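Let me begin by presenting the structure, written as structure tokens, before commenting on it.
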Amino acid sequence: MMRLENPSSGPNTNGSQFFITYAKQPHLNGLYTVFGKVIHGFEVLDIMEKTQTGAGDRPLAEIRLNRVTIHANPLAG
Numbered sequence: 001m002m003r004l005e006n007p008s009s010g011p012n013t014n015g016s017q018f019f020i021t022y023a024k025q026p027h028l029n030g031l032y033t034v035f036g037k038v039i040h041g042f043e044v045l046d047i048m049e050k051t052q053t054g055a056g057d058r059p060l061a062e063i064r065l066n067r068v069t070i071h072a073n074p075l076a077g
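Here the sequence shown is numbered in UniProt numbering, starting from 1 and rising by one per residue.
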């Protein structure tokens, strides 16, 4: 599941972020919209999942997605 959110902590602080979840997150149902699905590169997802995190569950090392391919509908015919 992926989710996009537009957090704001005050004036001139708007941004956006998306989340790639490693497993089902039923507590998020009805709160966020799923807009994508990982269909390739699960080995990269494994590495991201095992990355050490610090305060606020933020990764200690930067994780950067250098390339993303968007399919209009990867599950269609």
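Here a beta-carbon is modelled for each residue, glycine too, at the ideal position from N, C-alpha and C. As the structure is a prediction and not an experimental result, all values here were calculated from the model.
Output the distance between the C-alpha atoms of residue i and residue j, rounded to the nearest integer angstrom.
i: P22; j: L45; result: The question names Pro, but residue 22 in the sequence shown is Tyr. Roughly 7 angstroms separates the two Cα atoms.
i: M2; j: H71; result: For M2, the predicted model reports a pLDDT of 49, less than 50, meaning its position is unreliable; a value from the coordinates is still stated below. If I take the Cα positions, the gap works out to 14 angstroms.
i: I20; j: P11; result: 27 angstroms
i: Q25; j: V34; result: 11 angstroms
i: F18; j: L28; result: 14 angstroms
i: I47; j: G30; result: 29 angstroms
i: A55; j: T69; result: 31 angstroms
i: G41; j: R67; result: 11 angstroms
Tell me which residues share the same chain as residue i and place their Cβ nearer than 8 angstroms to its Cβ, disregarding the 5 neighbours each side in the sequence.
i: T53; result: P59 and L60
Where does residue i fall in DSSP's three states?
i: P11; result: coil
i: I47; result: helix
i: F18; result: strand
i: M1; result: Interpretation of M1 is limited by its pLDDT of 48, a score under 50 that renders its predicted location unreliable; the figure taken from the coordinates is listed afterwards. Three-state result, M1: coil.
Which residues in the same chain as residue i place their Cβ atom closer than 6 angstroms to its Cβ, once the five residues preceding and following it in sequence are excluded?
i: T51; result: P59
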